[in-house]
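Scroll down for the structure; my scribbles are underneath it.
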Amino acid sequence: MQCHRPGLCALALVLGCAQAPEVKTAGYVAAEGRVFWQEPKYPGQEQGSGVSLVAEPELEVASEDGVHTAVARPFYRLDPYDQRRSHFDVRKASYQVSSSGWEAGLGAGVFTWGVLESHRPVDVLNQIDFVDAIDGSAKLGQPYASAGYTGERASLRVYYLPFFRERTFPGVDGRLRFAVPIDTENAMYEAELGPWHPSGAARFTWSEDDVDIGLGIFSGLSREPRFVVELTRVQVVPRYDLMQQISLDAQWTTGPLALKVEGFARLWTAAFQPFVGGGAGLEYSFFDFVDGWDLSLAAEILLDARPLEAPITLFDHDAFAGLRFAFNDTASTEVLAGTLVDVIDGTTMMRVDAGRRFGADWRAIVGASFFLGPKGTLESAFLQDDHVTARLAYFF
Amino acid sequence: MKSVWMTVLVAALGMGTAHAKTAAELTRVGTPEEQGRAIAGELDARNAGYRDLVGEVEMVLRDPSGSEAKRRFSIKALEQPDPKIGDYSMIVFDTPTDVKGTALLSHGKVDGEDDQWLYLPALGRVKRISSANRTGSFVGSEFAYEDLTGNDTGKSSWRLLGQEPCGKLSCLKLEAAPRDPASGYSRRVLSVESTDFRIISVDFFDRKGARIKTLSYDDYRKVSGRYWRAHAWTMKNHQSGKVTSLAFTSMRMGTGLRAADFSAEKLKNAR
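Protein chains in written order, with my numbering: chain B, -10 to 385; chain G, 11 to 281.
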């Protein structure tokens, strides 16, 4: 082995590879400004307009033959107002060995199940980093051990998840929080072992011609908390119950049209309270419709039949409409917009983002979020939290 | 005995060129359509047996004002011996850095649309995508998606237009009219030099019959001791004046890739 960089060679030795390792870097650092123009709704909340700094660098070391791979992807956000939003996480820190279709992995990682765009009801492995993004697009790294086999058309993977990550919530100072701040330091668990109660999961995927299918099974701690009011301290505490779940997601893609469906059947708590949930949608693309521009439209519905005492979901009877406009220019200019409407109470969340690249390594995105709807719903906590964002990121 | 030994050796090394037909043989008889099909078949035959390809590509996009944008990506391809199935390919981006790790997988089909999946590392999600985008630009370049994938011989009607000198060589002028009504082209005209059947250039004609682009292949090198492969491609758009150059900084064949290396689930670990 040629040793030009002793540190890497040491890592290569740990990985047990006899060849020169391949090192790759990725990730970004970003400045993200937010401006809120309405008064905060709750006492203690700061106005919240300001710039937060985000870093999410990635380092990957792989053996030359690709059998051994080690990845680290830490994450940090520095928020000027909310101490809870200033947070560190390990999105990824994993070692994987793979050979002729078989693979085994160990560490922390992010896994995504499901096919819908607005919300993926079957996606249950990772905890949501709610303080980072209320739409669930940011996820906390989940500790895992996995083993699997990938064939040409099908794959099977099993997961052992030894430790549970609690959902993040804004602090007293933060915008986009509920009426009473969530006391994240005193979370309650149905399981005796608390966060050390292990979870297990398996996923099977299958692709044949126009159809892609995923089957999932999960047993362990629900990533969704329900909220318990501690009367003695007037605090709201998250409580994580047990759950067992099977799920199915499928997509049929033909021409410019994609039809999607996903759903789960869940047994909630040790009492095995049953309920189902899921969604369906379609996506249609107009390619090169004028001057090389692409327009994709998506429409989805989300339904969830959980009992009142189960964890609250924002996606119980909602309709989504979204669009993506791509200019296909050298700067990869694109516009994304989406609206989620609760069809029963009319609660509406809207988000629009427009982004383009500058040079080879910079990307700027400006966006806006709006919340509309009646008072008295869970989402009504955000009614005065309309905001615009501007993000400038440097990628490496 | 010598000739028998040579035959065995050549066959064992997979280097048989004994059955390669010459331009004269292919153009001796038949209608221009039959000759065109025969030459297209010979192009296929001379490329057959490569098994798989692994390459690194640098792309430079230039507009008439002189501004440049660069893209770097790796490409893997797997040959499908069954002529009814198109080749598999996987492209993984390295730059621009905001799309680093983005991977595009295609399972080609001779009849019907290719199967395509996209992996977006920021979302950690593999998404099945529509492959109906034939005419759109590949990452802002002058290459349309249909210029890079789904060009199996069976997808076009072929015709030999004639033979004319091209530089020091003699070139067969070959017309390929796409059967796919969604194609942006009425026809492509290939200039194929008649000794080693290397494609020298391709003219692209839009649906109105106007010549809109020309692709030139240069820097031909033999890969795996057998296959002529152009390592420099230049696509010039005659209407906009924009030029996209594509250079292979490395290219290897027969590396032992398997079909399972081209599965949607593998995209997450693509490098």
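Think of the CB as a built atom: it goes at the ideal place given N, C-alpha and C, for glycine as much as any other residue. Because the structure is a prediction, the values reported are computed rather than measured.
If you compare the alpha carbons of P191(G), T163(G) and E203(G) with that of G177(G), the shortest gap goes to E203(G).
Of all residues in the segment 74 to 108 of chain G, only A79, K80, T105, P106, T107 and D108 come within less than 7 Å of chain B when Cβ atoms are compared, listed by chain position. Residues of chain G whose Cβ lies closer than 8 Å to the Cβ of Q131(B) do not exist; the shortest such Cβ separation is about 11 Å. Annotation for G46(G): no beta strand (DSSP E) segment contains it, though the alpha helix (DSSP H) segment containing it runs P42 to N57.
Residue environment for D201(B): buried (at least 16 other C-beta atoms within 10 angstroms of its C-beta). Here N143(G) carries a coil assignment [DSSP, helix/strand/coil].
Residue pairing by DSSP places H376(B) opposite F25(B) and S358(B) in a beta bridge. Excluding residues up to 5 positions away in sequence, L292, D331, V332 and I333 lie with their Cβ nearer than 7 Å to the Cβ of H306(B) in the same chain. For the options W185(B), A168(B), L297(B) and K249(B), the alpha carbon positioned closest to that of G365(B) is the one of A168(B). Taken atom to atom, the span from the alpha-carbon of A50(G) to that of A187(G) is near 12 Å. In the assembly as shown, D54(G) is an exposed residue. Its beta-carbon has fewer than 16 other beta-carbons within 10 Å. Closest by C-alpha distance to N115(B), out of F384(B), E141(B), R109(B) and R154(B), is R154(B). Taking a beta-carbon distance threshold of 8 Å, P245(B) counts as an interface residue toward chain G. Take the alpha-carbon of G90(B) and the one of D73(G): they are about 44 Å apart. F272(G) carries a helical assignment under DSSP once its states are collapsed to helix, strand and coil. By the CB criterion at 8 Å, G270(B) and L372(B) fall outside the cutoff.
Taking each of G59(G), V39(G), P106(G) and S99(G) in turn and checking the Cα distance to T319(B), the smallest one comes out for P106(G). In terms of beta-carbon proximity, T319(B) lines the interface with chain G, with at least one pair separated by less than 8 Å. Contact between E11(B) and A51(B) is confirmed by a C-beta separation of about 5 Å, below the 8 Å threshold. Assignment of K165(G) by DSSP, reduced to helix, strand and coil, places it in the helix class. Within the segment 239 to 261 of chain G, no residue has a Cβ lying closer than 7 Å to any Cβ of chain B.
Taking E123(G) as the centre and dropping the five residues before and after it, the same chain places the C-beta of S141 and A142 closer than 7 Å to its C-beta, in chain order. At least 8 Å separates the beta-carbon of T58(B) from that of F119(B). When rounded, the separation of the alpha-carbon atoms in R197(G) and I210(G) is 17 Å. Residues of chain G whose Cβ lies closer than 9 Å to the Cβ of A15(B) are, in chain order, T107, K110, G111 and P131. If you check the CB distance, A15(B) and K110(G) come in under 8 Å.
Judged by DSSP secondary structure, L284(B) falls within the beta strand (DSSP E) whose first and last residues are W282 to D293.
Put simply, the segment 283 to 300 of chain B does not touch the segment 128 to 142 of chain B. Fewer than three CB pairs are less than 8 Å apart. R81(G) counts as buried, since no fewer than 16 other beta carbons sit within 10 angstroms of its beta carbon. When C-beta atoms of the segment 72 to 84 of chain B are compared with those of the segment 224 to 242 of chain B, fewer than three pairs fall below 8 Å, so the two segments do not count as touching. By a beta-carbon distance limit of 8 Å, G160(B) does not contact D78(B). Their separation comes to about 16 Å. Exclusion of the five residues before and after T224(G) leaves S211, V212, D213, F214, M245, K246 and H248 as the residues of its chain whose Cβ lies within less than 8 Å of its Cβ.
Looking only at I235(B), A143(B), I206(B) and R215(B), the smallest Cα-Cα distance to S196(B) is reached by A143(B). W127(G) has L115(G) and R138(G) as its beta-bridge partners, per DSSP. Ranked by Cα distance from E179(B), the first of T194(B), P110(B), G356(B) and S211(B) is S211(B). For V341(B), the pairing in a beta bridge is given by DSSP as A326(B) and A357(B).
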